[in-house]
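Note that the sequence shown covers residues 13 to 437 in the numbering used here.
Using N, Cα and C, we set each Cβ at its ideal position, and we do this for glycine too.
Because the structure is a prediction, the values reported are computed rather than measured.
One structure below.
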Amino acid sequence: MRLAKERLTDPVDRQFDIAVIGAGMVGTSSAAWLQRSGHKVALIDRTGPGMGTSFGNAGVLATYGNVPINSPTLPRRLPGLLFSRESPLRINWAHVPRMMPWLVQFLRNCAPARVEAISAALASLMEHAEDGAFPLFRASGADKLIHSRGCLYLYESEASFAKAQDEMALRRKHGVNVDILEPEEIGQLEPNLAKVYAKGAFYPDGHQYVSPSGAVETIAGHFASNGGTVIEAEVAAITKLPDGTLELTTSGAPVRCKQLVLAAGAFSKRLFGTLVEPLPLETERGFHVVYPGFETMLNRPVGWSPGAFYLTPMSHGLRAAGTVELGGLSDAKRQGNIDHITRHARKLLPDLPETPESTWVGHRPTMPDSLPVIGRSSRTPEIILAFGHQHVGMTLGGITGRLVAQIADGEQPLVDLTPFSPDRF
Ligand SMILES: Cc1cc2nc3c(=O)[nH]c(=O)nc-3n(C[C@H](O)[C@H](O)[C@H](O)COP(=O)(O)OP(=O)(O)OC[C@H]3O[C@@H](n4cnc5c(N)ncnc54)[C@H](O)[C@@H]3O)c2cc1C
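This is the structure:
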């Protein structure tokens with residue numbers, strides 16, 4: 013992909029209507045939608061488009077993903093989840109003191125009425141997920157990297173399926189289509205899976221990325237070929253100049269803009285400085301392992317309830333991605349999570365090798381109410397905040413970008429943004 017890096021040596025080209033920090037699915041979609049509404053836009057990333065958390069996720073465009081991880085049953089299940097070797101949730105205890113305020117708010121958001129409200133708010137975004145992402149996929153050619161064969165989620169026992177009924181009810185309440193499958197029907201859809209499942213939920217309207225980073229890069233490439241500027245640099249600080257312009261100090265030349273979109277995912281907090289109000293952004297670290305050559309074993313993403321991950325056939329191999337570690341912004345790969353994924357992946361597909369070819373860790377950006385922040389900063393209205401998409405940023409990145417452009421233009425947004433306001437904390 014040819015990016016317009018060379019233009020950055022010219023100082024005139026370092027002044028933009030709008031700069032976007034972070035070229036994940038959220039920031040890249042924002043840049044593309046802003047360009048569509050006629051702005052001169054810079055998209056800035058320290059590693060290039062699609063190389064952060066938008067690289068290594070499970071690639072599910074989960075239009076059915078309106079159920080938050082906050083759950084009324086979680087507070088009582090939490091001790092068991094944290095101390096069991098079989099658990100997909102782990103915690104770095106050294107990080108607990110720093111994340112305590114977030115944890116307290118997270119648990120408050122597990123109250124039944126809050127979960128209902130969060131689910132309704134997520135559903136209001138999910139309803140427009142395709143309207144936000146597919147125009148960008150089609151215009152850029154990234155639609156070739158999207159498959160629409162539905163998604164399957166498997167339960168190992170009747171008991172675990174029964175426990176999922178409240179979540180299923182929340183999905184149905186918001187119009188999600190789901191077919192409940194018996195083992196024979198699962199076997200017909202995915203004949204290579206070992207028969208370790210008791211029940212399945214098939215979401216016919218789910219899509220998948222066959223290369224999540226490839227799709228983001230393709231959208232960024234299209235943005236660049238339409239005159240957008242992609243800058244590979246780390247932003248160190250944001251300053252407001254006396255004339256109201258924002259100046260970004262970067263590892264390269266400074267960048268100036270009239271408006272700024274902060275979409276640096278889990279790392280956005282490092283750039284709040286004094287211009288952005290303190291917001292409780294934490295991270296849920298997640299992991300993946302890849303088995304090249306095994307992608308033909310599945311036809312679609314398959315979620316596995318006891319493993320808390322998806323097995324997704326991708327262009328470069330079969331990827332197993334998921335689990336959670338509450339462990340801050342560290343890059344260290346936690347072997348416990350990786351072993352957990354590997355062990356469960358081989359239960360579903362026993363022919364997979366004992367050792368995957370590659371492993372990865374990434375950082376889901378998560379607010380304590382599992383809702384993204386989408387809106388203008390109250391401290392500095394020239395800064396539009398767009399982060400906190402937790403487990404569903406590949407699903408909601410496109411619609412978030414579209415909403416960001418509507419905010420920048422002062423238009424009536426497609427979705428009521430009240431639940432996503434930065435002022436809610
Ligand atoms: C294991 C796992 C599985 C997942 N599966 C799914 C799934 O199936 N479906 C789904 O919808 N979501 C999934 N997610 C969640 C999804 O990946 C994230 O919500 C999404 O990628 C977040 O996108 P983003 O653009 O906000 O952040 P990112 O993709 O992390 O992008 C932020 C960018 O900001 C850049 N950046 C940070 N700081 C700076 C700085 N100071 N200067 C310049 N650049 C900076 C980074 O380099 C990065 O590229 C999964 C996540 C994980 C970890």
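C-alpha of Ile243 to C-alpha of Ile130: approximately 35 Å in a straight line.
Counted as a single uninterrupted DSSP element, the beta strand (DSSP E) harbouring Gln220 occupies residues 219 to 221. Ligand 1 never approaches Val242 closely enough for any of its heavy atoms to be under 7 Å from the residue's Cβ. Using a Cβ-Cβ distance cut-off of 8 Å, the region 149 to 164 and the region 385 to 404 are not in contact, since fewer than three pairs of beta carbons, one from each stretch, lie closer than that value.
Burial is judged here by how many other beta carbons sit within 10 angstroms of a residue's own beta carbon; Asp57 has at least 16 and is buried. With respect to Val32, Leu55 sits close: the two C-beta atoms are nearer than 8 Å. A contact is defined here as three or more CB-CB pairs under 8 Å, and the region 346 to 365 meets this definition with respect to the region 299 to 310. The three-state reading of DSSP puts Ile81 in coil, since its state is none of H, G, I, E or B.
For ligand 1, a non-hydrogen atom lies closer than 7 Å to the CB of Glu246. Counting C-beta atoms within 10 angstroms of its own C-beta, Ile198 has 16 or more neighbours from the protein chains shown and is therefore classed as buried.
Within 7 Å of the C-beta of Gln402 there is at least one heavy atom belonging to ligand 1. The C-beta distance from Leu134 to Leu383 rounds to 7 Å, short enough to meet the 8 Å contact threshold.
Taking the C-beta atoms as reference points, Gln220 is found no nearer than 8 Å to Pro91.
Not a single unbroken stretch of the alpha helix (DSSP H) spanning 4 or more residues falls wholly within the region 308 to 348. Listed in chain order, the non-local C-beta contacts of Leu272 below 8 Å within the same chain comprise Ile30, Ala31, Val32, Ile33, Ile250, Leu258, Leu260, Glu394, Ile395, Ile396, local neighbours out to five positions each way being set aside. Shown here for Met138: same chain residues with a beta carbon closer than 6 Å to its own, the five before and five after excluded, namely Thr75, Asn78 in chain order.
When secondary structure is reduced to three states using DSSP, Lys359 falls in the helix class. Here Trp105 is exposed, its C-beta having fewer than 16 other C-beta atoms within 10 Å.
Using a 10 angstroms sphere on the CB of Asp381, the tally of other CB atoms reaches 16 or more, which defines it as buried.
In the DSSP secondary-structure assignment, Cys163 is bridged to Tyr215. With a 10 Å radius around the Cβ and a threshold of 16 neighbouring Cβ atoms, Thr430 comes out exposed. For Met63, the shortest C-beta to heavy atom distance toward ligand 1 is below 7 Å. The bridge partners DSSP lists for Trp372 are His300. Under the three-state reduction of DSSP output, Phe437 falls in the coil class, being neither helix nor strand.
The residues Ala35, Thr40, Val228, Glu229, Ala232, in chain order, have a CB closer than 6 Å to that of Pro61 in the same chain once the five nearest residues on each side in sequence are set aside.
Separation of Trp45 and Ser169 (C-alpha to C-alpha, rounded to the nearest whole angstrom) is 44 Å.
Within the region 68 to 112, the complete beta strand (DSSP E) runs of at least 3 residues fall at 101 to 103. Beta-carbon to beta-carbon, Ala248 and Pro377 are separated by about 19 Å, too far to satisfy the 8 Å threshold. If you check the CB distance, Leu415 and Val404 do not come in under 8 Å. Shortest gap from the CB of Tyr303 to any heavy atom of ligand 1: 7 Å or more.
Rounded to the nearest whole angstrom, the CA to CA distance from Pro325 to Phe235 is 28 Å.
Collapsing the DSSP output to three states places Glu294 in a strand. For Glu170, there is no enclosing beta strand (DSSP E); the residue is part of the alpha helix (DSSP H) that begins and ends at 170 to 175. Residue pairing by DSSP places Glu259 opposite Thr251, Arg268 in a beta bridge. In this structure, Leu338 sits near Glu296, with a CB-CB distance shorter than 8 Å.
With a cutoff of 8 Å on beta-carbon distance, Met406 and Ser99 are scored as not near each other.
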